[in-house]
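*Asks:*
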Amino acid sequence: MWLKKRSQWWLVAPGMLALVLLMMLLYGSSDQKQQQQQQQQQQQLLGGALFKLDLRWPKNPDIFTGEVFCVAVNQQAAVVYVAQRGSNIPKVLVFTTDGDFLMSWNTTTLEMPHGMFLADAASKEPTVWITDVGDGPYGHSIKQYSPSGKLLQVLGTPGKAGSGVDPLQFDQPAEIYVHQSGEMYIVDGDGGLNNRLIKLSKDGEVVWMHAEKGAGLAQFYIPHSVAVDGAQRVWVADRGNKRIQVFNSVTGDWLGMWGSCFTDDAPYSVRLTADKKHFVVVQLNTNQISMLDAPPVGLIGECSVASIIQLADDVKPHLVDVDLKTGDLYVAQIGAQQAQKFTPISR
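In terms of mature numbering (1 follows the signal peptide of the UniProt record, and there is no 0), the sequence shown is residues -30 to -1, 1 to 317.
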């Protein structure tokens, strides 16, 4: 019926047809401009928008001089740490949450930063943990620094890749999460020998570990990011298997997994939003930042996408961190060689 009416309209109203075609051209041009603007801003919000890009952060983006791999936020002191890779450049840049550049670390003890975490981030003087996947004398280790970049402690055997636990060894450790109790959760194996999730006590002793490579339950292939929620659950971005696996933080027991949200690309990061309602998950190859509904206590279920930030091509978002005081999201971007800040729409 609609096709018949449309055919008659073409015959009896050629003038109106010309007008419609003109409008389509005009609107098409407008759409192209809008798409260009979105690409320039490097974001497009899909679904219910939860975050918006803060174009004012940082105030001087030219400070970035390498590939940006990770970020960490000290919400109490309103400071953001950003780690980058490259030759003859500072490995860590420090900004205020307002976007002012504060300082850089020119430490020689950091080769190839991969993941970063602030222990006791609610204090004004938290320590900065950085995983190092370099092959030199300081690589294959996890290092603890003061806020100004002084080396305080090293986990692992610097410069020696391995799978041992006594003494502790790593091979390209991807990320560390330090719980408020002082216990540490480490994903070890950014493409190296190991595919491990390790829990350490606050004294550095192994409490439990999953260390099998594979696609089965509690097995890993390139575990890439780790986070702990308030319900004693450990969330691991199992990148090579395109899934997130969940474990009991006390016993290490496997609780469940999410895979249906990652058919197009693997999860590279996992962080809980400040309001505890969503997990922030980055997918590097599709240039997406997804907000997944956080399940209630006692249930894992299937993953559900609440919102997606679609970044421009070749931005390559890698790891993220969340300001638990303001709710702001910071994203490290390898391809774009920058970090960006996103603020909650509701704020």
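Cβ coordinates follow ideal geometry from the N, Cα and C atoms, glycine included.
Predicted model only: the values in this text are computed from it and were never measured.
Between Asp141, Val177, Ile192, which has its C-alpha nearest Val103's C-alpha?
*Replies:* Indexing the sequence shown from 1 puts residue 103 at position 133. Residue Asp141 is the option with its Cα nearest to Val103.
*Asks:* Checking 8 Å against the spacing of the C-beta atoms, do Val43 and Asp291 come in under that value?
*Replies:* Walking along the sequence shown from the start, residue 43 turns up at place 73. Walking along the sequence shown from the start, residue 291 turns up at place 321. Contact flag set, yes.
*Asks:* Are Val50 and Tyr300 closer than 8 Å when you measure CB to CB?
*Replies:* By one-based count along the sequence shown, residue 50 stands at place 80. By one-based count along the sequence shown, residue 300 stands at place 330. Yes, the Cβ-Cβ distance between Val50 and Tyr300 is below 8 Å.
*Asks:* By a C-beta neighbour count over all protein chains shown, 10 Å radius and 16 as the cutoff for buried, is Lys29 buried or exposed?
*Replies:* The residue labelled residue 29 in the question sits at position 59 within the sequence shown. Flag for Lys29 reads exposed.
*Asks:* What's the call for Ile315, buried or exposed, on a 16-neighbour Cβ count within 10 Å?
*Replies:* The residue given as residue 315 occupies position 345 in the sequence shown. It is exposed - the Cβ of Ile315 has fewer than 16 other Cβ atoms within 10 Å.
*Asks:* Would you report the Cα separation of Asn164 and Val204, rounded to the nearest angstrom?
*Replies:* Along the sequence shown, one-based indexing puts residue 164 at 194. Along the sequence shown, one-based indexing puts residue 204 at 234. Going by the C-alpha atoms only, they are around 19 Å apart.
*Asks:* Starting from the Cα of Lys286, find the closest Cα among Glu272, Gly132, Gln258, Gly200 and give me that residue.
*Replies:* Start at 1 with the first residue of the sequence shown, and residue 286 comes out as number 316. Comparing Cα-Cα distances from Lys286 to each of Glu272, Gly132, Gln258, Gly200, the minimum goes to Gln258.
*Asks:* Our contact map puts Arg209 next to Pro193 with C-beta atoms below 8 Å; I'd like the distance itself, whole angstroms only.
*Replies:* Working through the sequence shown from its first residue, we reach residue 209 at position 239. Working through the sequence shown from its first residue, we reach residue 193 at position 223. Their Cβ separation, rounded to whole angstroms, is 7 Å, which keeps Arg209 and Pro193 in contact under 8 Å.
*Asks:* Can at least three beta-carbon pairs, one atom from the region 234 to 248 and one from the region 216 to 226, be found at a separation below 8 Å?
*Replies:* No, the region 234 to 248 does not touch the region 216 to 226.
*Asks:* Can you give the Cα-Cα distance for Val124 and Ser151, rounded to whole angstroms?
*Replies:* Within the sequence shown, the letter at position 154 stands for residue 124. Within the sequence shown, the letter at position 181 stands for residue 151. Val124 and Ser151: Cα-Cα distance of roughly 19 Å.
*Asks:* Considering only C-alpha positions, which residue in the set Phe217, Asn218, Asn211 is nearest to Pro237?
*Replies:* On the sequence shown, residue 237 is found 267 positions in, with the first residue counted as 1. Looking at the Cα atoms, Asn211 is the closest of the given residues.
*Asks:* Under 8 Å, do Val196 and Glu145 count as touching if we go by C-beta distance?
*Replies:* To locate residue 196, count along the sequence shown from 1; it is residue 226. To locate residue 145, count along the sequence shown from 1; it is residue 175. Closer than 8 Å, so yes.
*Asks:* Using 8 Å as the threshold, is the C-beta distance between Val176 and Val240 below it?
*Replies:* Locating residue 176 in the sequence shown gives position 206, counting from the first residue. Locating residue 240 in the sequence shown gives position 270, counting from the first residue. Not closer than 8 Å, so no.
*Asks:* Is Phe140 helix, strand or coil when you go by DSSP?
*Replies:* By 1-based counting over the sequence shown, the position of residue 140 is 170. If DSSP states are grouped into helix, strand and coil, Phe140 belongs with coil.
*Asks:* Spatial neighbours of Leu122 within its chain, please: C-beta separation below 7 Å, excluding the five flanking residues on both sides.
*Replies:* Position 152 of the sequence shown, counting from 1, holds the residue named residue 122. Within the same chain, Leu122 has close Cβ partners Thr97, Gln114, Tyr115, Ser116.
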